[in-house]
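>
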Amino acid sequence: MAVWFVMFGLEALVIVTGNALVIAALTLSRLHRKRRYYLIANLAIADLMVGMVTLPLYIYHIIQNQNTGVRTAFILFDIMFGVESLLGLLTLALERLYAICWPMNHRTVKRNHLLLIIVCTWMISAVTGFTTLLNPSQNVFFFYILPLLTTIHVIICISYSTIWWKVRSTPVIGEHAQEQRVRHERTLAKTLFIVTVLSILAWLPAEILNIILPFCLPCQRTLTQFAYLAKFLQFGNSFINPIVYVLRIPEFRKSTRRLFSRYSVRRKYSSRRSSKMIKTPTLIVTMK
1 MAVWFVMFGL EALVIVTGNA LVIAALTLSR LHRKRRYYLI ANLAIADLMV
51 GMVTLPLYIY HIIQNQNTGV RTAFILFDIM FGVESLLGLL TLALERLYAI
101 CWPMNHRTVK RNHLLLIIVC TWMISAVTGF TTLLNPSQNV FFFYILPLLT
151 TIHVIICISY STIWWKVRST PVIGEHAQEQ RVRHERTLAK TLFIVTVLSI
201 LAWLPAEILN IILPFCLPCQ RTLTQFAYLA KFLQFGNSFI NPIVYVLRIP
251 EFRKSTRRLF SRYSVRRKYS SRRSSKMIKT PTLIVTMK
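For the sequence shown, UniProt numbering assigns the number 1 to the initial residue and increments by one for each residue that follows.
Right, here's the structure in full:
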């Protein structure tokens with residue numbers, strides 16, 4: 001049991017650090033001016049909430065499993081932030097589909113349109129969380145949550161299948177700037193596809209357990225360790241995204257390097273300044 005506490009604690013730390021870096025890279029660089037990165041920032045915020053809120057509640061729930069208040073809060077935020085993370089992947093998939101299949105129309109998409117979509121996804125996530133909280137029965141899971149999660153995954157798969165077909169069938173012919181833009185769109189689409197596949201694989205064990213356990217009461221005791229592993233993988237979905245972004249998107253790598261370089265420069269400047277302030281009184285005393 002202690003091993004799982006340590007693993008979940010480290011996982012929370014990695015999730016918070018990674019997604020905080022993504023948000024900082026988007027905020028402090030020119031990336032926040034590009035509309036497509038609004039949806040990535042929204043996904044990073046949802047994943048950040050998993051590390052800051054859901055995971056600590058889950059750890060405390062394991063320790064104090066008799067505390068109904070903590071259990072209630074965990075169920076609410078686990079479902080709400082988890083669904084929002086998946087809806088974030090869905091909006092990214094649909095946005096990439098629209099950008100690649102209808103590039104001229106995609107250019108007319110305004111910033112307010114994306115913000116409205118983000119607000120709608122959070123409303124759906126909140127409704128899903130409170131619905132489960134107010135109706136804690138298996139019917140809610142089987143007739144609402146499971147169909148919702150399945151629909152999200154199916155739409156994402158169809159979207160990226162269409163993107164893959166469009167990219168394969170469309171040759172890159174035209175001016176150099178246009179060729180660069182098309183290649184950039186393809187790279188971003190491939191990156192988000194990798195993120196989505198890893199996300200589905202991370203969620204799958206937990207979803208299978210949620211289907212099996214209500215019909216197999218003895219399994220709830222025998223599959224305890226596997227249940228912890230399934231939750232670890234599900235939460236792990238929230239730190240996969242920053243790693244893939246840094247590895248696959250050059251703009252993210254540059255922004256991350258700038259963040260670290262700014263931090264190191266400020267640290268050197270503050271250390272030099274503090275050392276000068278310490279030395280100054282010594283010189284004054286010597287002169288006297």
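Ideal placement from N, C-alpha and C gives every residue a C-beta, glycine not left out.
Since this is a predicted model, take the numbers as computed values, not measurements.
What are the boundary residues of the alpha helix (DSSP H) that includes Val-167?
It spans 146 to 169 - the alpha helix (DSSP H) in which Val-167 sits, taken as one unbroken run.
> Mind pulling the alpha helix (DSSP H) runs of 4 or more residues that sit fully within the stretch 208 to 245?
Whole alpha helix (DSSP H) segments, 4+ residues: 219 to 222.
> From which residue to which residue does the alpha helix (DSSP H) around Pro-103 run?
Residues 103 to 106.
> Can you tell me the Cα-Cα spacing of Gln-220 and Thr-128, whole angstroms?
Cα to Cα, Gln-220 sits roughly 25 Å from Thr-128.
> In whole angstroms, what is the alpha-carbon distance linking Pro-242 and Gly-18?
Cα to Cα, Pro-242 sits roughly 6 Å from Gly-18.
> CB residue 289 to CB Leu-76, shorter than 9 Å?
Residue 289 lies beyond the residue range present for the chain, which begins at 1 and ends at 288; the question has no answer from this structure.
> Please state whether the Cβ-Cβ distance between Ala-41 and Ile-23 is less than 9 Å.
Going by C-beta atoms, Ala-41 is nearer than 9 Å to Ile-23.
> Can you have a look at Ser-159 and say buried or exposed, based on whether 16 or more other CB atoms are within 10 angstroms of its CB?
With 16 or more Cβ atoms within 10 Å of its Cβ, Ser-159 is classed as buried.
> Since Ser-238 and Ser-85 are thought to touch, with beta carbons under 8 Å apart, how far apart are those beta carbons, to the nearest angstrom?
Their Cβ separation, rounded to whole angstroms, is 7 Å, which keeps Ser-238 and Ser-85 in contact under 8 Å.
> Count the CB pairs spanning the stretch 224 to 232 and the stretch 4 to 16 that are closer than 8 Å, and state whether there are at least three.
Yes: at least three Cβ pairs fall under 8 Å.
> Would you kindly check if the distance between the Cβ of Leu-90 and the Cβ of Ile-152 is under 9 Å?
Against a cut-off of 9 Å, the Cβ pair of Leu-90 and Ile-152 comes out as a contact.
> Secondary structure at Lys-190, three-state DSSP: helix, strand or coil?
Lys-190: helix per DSSP, three-state reduction.
> Does the beta-carbon of residue 290 have 16 or more other beta-carbons within 10 angstroms, so that it is buried, or is it exposed?
Coverage of the chain is limited to positions 1 through 288, which leaves residue 290 absent and any answer about it impossible.
> What did DSSP end up calling Lys-254 once you bin it into helix, strand or coil?
Three-state DSSP puts Lys-254 in a helix.
> Alpha helix (DSSP H) containing Gly-51: first to last residue?
Counting along the chain, Gly-51 falls outside any alpha helix (DSSP H), and DSSP gives it neither H nor E.
> I need the DSSP call for Leu-28, collapsed to helix, strand or coil.
In the structure shown, Leu-28 sits in coil (DSSP, three-state: anything other than H, G, I, E or B).
> DSSP three-state label for Pro-136, please.
Correct three-state label for Pro-136: coil.
> Can you tell me whether Trp-102 is buried or exposed, with buried defined as 16 or more other CB within 10 angstroms of its CB?
Flag for Trp-102 reads exposed.
> Can you grab the Cα-Cα spacing for the pair Thr-54 / Leu-13, in whole Å?
Those two C-alpha atoms are separated by around 12 Å.
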